[in-house]
Amino acid sequence: MGGQISSSSKLSENVLLRKFSGLEPISENDPFWNLLLSFNFKAPTSKEDCKCLSQNVKDILESLMYNTGTTGNFAALVRVFLRHAAELRVSSLCQDAVFFWHTNNALLLLRYCCKFFAQRLSEDEFVKLFTHTVLRSDGTYNCNGHYWQAIWRFMITTKTFSIAASKTSSMMNSYSIHAPLLTKILLNFYINHSSVVYAQQDSDFVVGLATSIWNMLQLGYKSEENKQQEKTVGLDDLGLYFLLLLVSHSTPDGQENPYRVALFSFVNSQGDSLPTQATVCFKLNFAELYDQLCERSADRPSLLLLYFLVYKNMEFRNYILSRINLDKLLLPILKVLCDGSQHIYLALIVVLIFSEDDFFCKIIHETPAKDASWFLEHNVRDLSLGSLIIYTLIKIIRKNVFVLRDRYLQTNCLAALANMSSSFKDLPAFVCQKLIDLLEKLARRHSRFLKHLELSAKYDLRFNPNAFLLCFVSHNVHLVYAILYHRELFENLEQYAMFQDLIWNIAMVKKTVINFFASRISHTSVEAVIEQIQNAAVNWVPDGLKKFPELKFKYVEDRNTEDFFVPYIWKILYDRHSFYFEQSNVKLFVP
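Under full-length UniProt numbering, the first residue of the sequence shown carries the number 1, and numbering increases by one thereafter.
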C-alpha cells in the first residue's frame, strides 16, 4: 500500500489493494509485494475500530474472495509470508527492521483476509485457498528464538482453520510429530505470563509480529459490550486459547488427538521419581505451572486447563495433591462456586475430580481456609478448607433444588458430597446446621410433591442421609448436637418408603445416637451440651448401624465434549476481546 495510512476509510481507494484483489495474477517474486507491504498502519485495538476497518475493506475482500481462485494472489501472499518467516531469524541477527516491518504487515493482511473468508466460505472452499501453500518439514523453521517460535508454531499448524470446523478432520498429519513441542511452548508462554501485546509503535516490529501471528490464529469473535471490558490479549492468553482449542477438538475414530496425548503425559522436570505412564512427551516445571494456576484458577481458560490436567494427567494431579498450599488453588474456585458465575459447572467438575481421592478428602479438613476473605457468612479464622467446600456444595444444592432445578448440577454436587462424606471431620456448628436444614427442607419438599416429581425428590435425598450416618461421630460433635436438636426430623423420615435401604440406619440413629447421647446430657447451655457430647463420644460404639459400601462417584467425560468445549472457548474470546465479527455469521454459539 505504501506510505502512512492515517485512516481506514482510505483503504477502499488504495490502488495496490485493488490490484491485489483484482483479476491480474501476481507472482510471489513480483516487486509488487514490497510496495504492498511498505505501509505504516496502526492496527485497531477496539471493537468499533475493528468494525470500521472491516466495513471499509469489505468490497476489496469480496473481490479477492471471488478472484483468488483464478489468480492465486492470496496463496501468493501466504508464500511471501512463509519466505519471510523462513529467514526471520537471520534477519533478526542483522537487525533488518524493514524485513520485520514487511513480515508484520503481511500477517496483518493475512489476518483480515482469513477472518473474512472464514465467515463466508465452507471448510473445503477455505482450505482450497491454501492448496499451493502446503508447508514442508525441511528443518528451516526449527530455531529457538522467542518470537520465532511464535511464527514456527503458526507454520506447523497452517491447517488449524480446517481442524477448527470439522469433527472428521484428521489431526494425525505429518506435523503431528510437533504436537509435544508445540504444547510445551504454549504452556511455557502461560507459565511465564507473557504480557506482550500488539505493538503501538512502528519501531517495535518483533513484538507486533509475534502478536499478529496469534491474532491471526485466533480469528476471535467479540460481542457488543462496553469498551471498558475489552482488553488486548497477551501471548500467554492467546497461547492458552490456542492450546485449549487444539486439545478440545475431536479426531476420527481410532485416532488420538496428539495435543491431548501431549498435555496428558508430560512430567515434572524437577522430579526424581519415575513416571507412572508409558508415554512421556516432554518435561515441564510443575512448580511454576502450579503457581500460575493458583494465581489464575478463577479465570475460565485457566480453569479449563486445570480441568484437563487433573482429569487425565495423573503426574500433575498427584503433584497438586501433595502441595501444602492447596488452599491457594481451591479458594478461588470455591469463590466461583459461591458467586454462582457462568463457569460454575467447570469449577464443580474440578472439585468432583479432586473428591475422588481419599487423601484429598482427609487433607482438606486439616488445611485452614483463613485466606478466604471473600467468605462473609462466617468467621474463617477457624474454618477448614473441607468445611468450606461442604458448605459451598450445600449452598449450591439448596439453590438448585428450589431455584435452578438443574439435574446435572445436582448430580455433581451430591456426588462430590458423597465422596467426602466418610471423611467429615470437625465440622463447625454452622455447617452441621446447614446439613440438617437441607435434609429437613428436602423432606418437606418431598411430602408436597406430586407423584411425577417424587422421583426427583427421591434422587435428591438418597445421598445425604448416607453422608450423615457414615461419618465418624467422635470427630463431629456439632453434627451430633444438630441431630439431637432436630431429632423429630429422623422420626418423621421413618415413614418414607423411599428410604427402604436406609430405614434401618435412620431408626438406629434415633435409637443409638439420639438415645445414647440424650441420656448422657442435661438441659443446660449449648457449650455444656457440646462438652458432654465430646466426653460421651469416647465411649460410643456404633453397634447396629449397617455399613454400606463406601460411596465413590467418578467423573466420566462425555464422548462429545467438543460440542461443549469448542464453543465455550470461542465464547470467552467473543465476550472478552476486541475482535469484530458480523454477528449474523457467528454460528458456533448464540452471540
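Yeah, the Cβ is synthetic: ideal placement off N, Cα and C, and Gly gets one too. Note that the coordinates shown come from a computational prediction; the quantities given were computed from them, not determined experimentally.
message = Strictly by DSSP, which residues pair up with Val-267?
response = Locating residue 267 in the sequence shown gives position 267, where the first residue counts as 1. Its beta-bridge partners are Lys-283.
From which residue to which residue does the alpha helix (DSSP H) around Lys-47 run? As a working note, residue 47 is residue 47 in the sequence shown. 47-56 is the span of the alpha helix (DSSP H), which, as asked, contains Lys-47.
Whole angstroms are fine: how far does the CA of Leu-64 sit from the CA of Phe-74? Numbered from its first residue, the sequence shown carries residue 74 at position 74. Numbered from its first residue, the sequence shown carries residue 64 at position 64. The alpha-carbon atoms of Phe-74 and Leu-64 are separated by roughly 8 Å.
- Alpha carbon to alpha carbon, how far is Asn-285 from Asp-291? Position 285 of the sequence shown, counting from 1, holds the residue named residue 285. Position 291 of the sequence shown, counting from 1, holds the residue named residue 291. Each residue's Cα considered, the two are about 10 Å apart.
Can you tell me where the alpha helix (DSSP H) with Phe-189 in it begins and where it stops?
Numbered from 1 along the sequence shown, position 189 holds the residue referred to as residue 189. Run containing Phe-189: 179-192, per the alpha helix (DSSP H) assignment.
CB contact flag (Ile-364, Leu-331, <7 Å): Translated into positions along the sequence shown, residue 364 becomes position 364. Translated into positions along the sequence shown, residue 331 becomes position 331. Going by C-beta atoms, Ile-364 is not nearer than 7 Å to Leu-331.
- Bridge-paired residues (DSSP) for Ser-384: Taking the sequence shown and counting its residues from 1, the one referred to as residue 384 is at position 384. Answer is Pro-368.
query: Taking Leu-182 as the reference, which of Tyr-259, Val-127, Ser-21 and Lys-128 has the closest Cα?
result: Along the sequence shown, read from residue 1 onward, the residue named residue 182 stands at position 182. Leu-182 has its Cα closest to that of Tyr-259, out of Tyr-259, Val-127, Ser-21 and Lys-128.
Item to complete: Identify which residue in Ile-320, Gln-410, Asn-313 and Arg-381 has its Cα closest to the Cα of Ile-344.
Response: The residue given as residue 344 occupies position 344 in the sequence shown. Of Ile-320, Gln-410, Asn-313 and Arg-381, the residue nearest in Cα terms is Gln-410.
Per DSSP, what are the beta-bridge partners of Phe-430 in this structure?
The residue given as residue 430 occupies position 430 in the sequence shown. Paired residues: none, contrary to the question.
Checklist entry - On the three-state DSSP scale, how would you describe Asn-34? => result Residue mapping note: residue 34 aligns to position 34 of the sequence shown, counting from 1. Asn-34 falls in the helix class under three-state DSSP.
Query raised in the report: Counting Cβ pairs, one atom from each stretch, are 3 or more of them under 8 Å apart for the segment 396-405 and the segment 356-372?
Result: no
message = Could you compute how far the alpha carbon of Trp-101 sits from the alpha carbon of Leu-108?
response = Within the sequence shown, the letter at position 101 stands for residue 101. Within the sequence shown, the letter at position 108 stands for residue 108. About 11 Å.
Using 7 Å as the threshold, is the C-beta distance between Glu-562 and Leu-489 below it? As a first step, residue 562 must be located in the sequence shown, where it is residue number 562. As a first step, residue 489 must be located in the sequence shown, where it is residue number 489. Cβ atoms of Glu-562 and Leu-489: not closer than 7 Å.
Check your understanding: Are Leu-23 and Leu-35 touching if we call contact CB-CB under 7 Å?
Key -> Taking the first residue of the sequence shown as 1, we reach residue 23 at position 23. Taking the first residue of the sequence shown as 1, we reach residue 35 at position 35. Their beta carbons are not under 7 Å apart, which means Leu-23 does not touch Leu-35 by this criterion.
**Q.** Neighbour-count burial assignment, Thr-436, 16 or more Cβ in a 10 Å radius
**A.** Locating residue 436 in the sequence shown gives position 436, counting from the first residue. Reading off the sequence shown, one finds Ile at residue 436, where the question assumed Thr. Ile-436 is buried by the Cβ-count criterion.
For the alpha helix (DSSP H) that Asp-558 lies in, which residues bound it at each end? Position 558 of the sequence shown, counting from 1, holds the residue named residue 558. Here Asp-558 belongs to no alpha helix (DSSP H), and DSSP marks it neither H nor E.
(Q) Looking at the secondary structure, which residues open and close the alpha helix (DSSP H) in which Asn-29 lies? (A) Reading the sequence shown from its first residue, position 29 is the one you call residue 29. Premise fails: Asn-29 is in no alpha helix (DSSP H) and is neither H nor E.
Quick one: Cα of Ser-12 to Cα of Asp-59, how far? Counting from one through the sequence shown, the residue named residue 12 turns up at place 12. Counting from one through the sequence shown, the residue named residue 59 turns up at place 59. Cα-Cα distance, rounded: 7 Å.
Contact between the segment 365-381 and the segment 401-416: three or more CB pairs below 8 Å?
no
With DSSP run on the structure shown, which of helix, strand or coil describes Trp-101?
Here residue 101 is taken as the residue at index 101 of the sequence shown, counted from 1. Reduced to three states, the DSSP call for Trp-101 is helix.
message: Counting C-beta neighbours from all protein chains within 10 Å, is the total for Val-78 16 or more, i.e. buried, or is it exposed?
response: Within the sequence shown, the letter at position 78 stands for residue 78. So Val-78 counts as buried.
Review point. Is DSSP giving Pro-252 helix, strand or coil here?
Key: Start at 1 with the first residue of the sequence shown, and residue 252 comes out as number 252. Residue state, collapsed to three classes: coil.
- Query: In terms of alpha-carbon separation, which member of His-475, Lys-328, Glu-125 and Lys-434 lies closest to Ser-423?
  - Reply: Position 423 of the sequence shown, counting from 1, holds the residue named residue 423. With distances taken between Cα atoms, Ser-423 lies closest to His-475.
| request: Reducing DSSP to helix, strand and coil, say where Gly-239 ends up. | output: What you label residue 239 is simply residue 239 of the sequence shown in a count that begins at 1. It is helical.
query = Relative to the C-alpha of Tyr-569, which residue among Ala-97, Ser-525, Lys-128 and Gly-239 is closest?
reply = Here residue 569 refers to the residue found at position 569 when the sequence shown is read from its first residue. The residue asked about is misnamed: residue 569 is Ile in this sequence, not Tyr. Closest by alpha carbon: Gly-239.
Once DSSP output is grouped into helix, strand and coil, what is the label at Ala-536? Residue numbering aside, residue 536 sits at position 536 when the sequence shown is read from its first letter. DSSP places Ala-536 in helix when its eight states are reduced to three.
* Keeping to the same chain, check which residues put their C-beta closer than 7 Å to that of Lys-370; ignore five residues upstream and five downstream. => Along the sequence shown, one-based indexing puts residue 370 at 370. Within the same chain, Lys-370 has close Cβ partners Val-380 and Arg-381.
Task: Cut-off 7 Å between Cβ atoms - residues of its own chain near Ile-349, not counting five sequence neighbours on either side - done: Sequence index remark: in the sequence shown, residue 349 carries index 349 (1-based). Closer than 7 Å at Cβ, skipping near neighbours: Tyr-307, Asn-412 and Tyr-555.
Exercise. Thinking C-alpha only, which one of Phe-316, Phe-242, His-193 and Asp-253 is nearest Gln-270?
Worked result: The residue labelled residue 270 in the question sits at position 270 within the sequence shown. Comparing Cα positions, the closest option is Phe-316.
Would Ile-333 and Ser-302 be called neighbours here (beta carbons separated by less than 7 Å)? Locating residue 333 in the sequence shown gives position 333, where the first residue counts as 1. Locating residue 302 in the sequence shown gives position 302, where the first residue counts as 1. No, they are not a contact pair.
* **Contact under 7 Å by Cβ, residue 623 with Cys-361** => Outside the shown range of the chain (1 to 591) lies residue 623, about which nothing can therefore be said.
| query | Just checking my contact of Asn-268 with Asp-236 at CB under 8 Å: how many whole Å lie between their CB atoms? | reply | Residue 268 sits at position 268 when you count from the first residue of the sequence shown. Residue 236 sits at position 236 when you count from the first residue of the sequence shown. The Cβ separation is near 21 Å, so there is no contact.
Express the C-alpha separation of Phe-430 and Glu-123 in angstroms, rounding to a whole number.
Within the sequence shown, the letter at position 123 stands for residue 123. Within the sequence shown, the letter at position 430 stands for residue 430. Going from the Cα of Glu-123 to the Cα of Phe-430 covers about 57 Å.
Express the C-alpha separation of Leu-383 and Tyr-391 in angstroms, rounding to a whole number.
-> Mapped onto the sequence shown, residue 391 falls at position 391. Mapped onto the sequence shown, residue 383 falls at position 383. Answer to the nearest angstrom: the Cα atoms are 11 Å apart.
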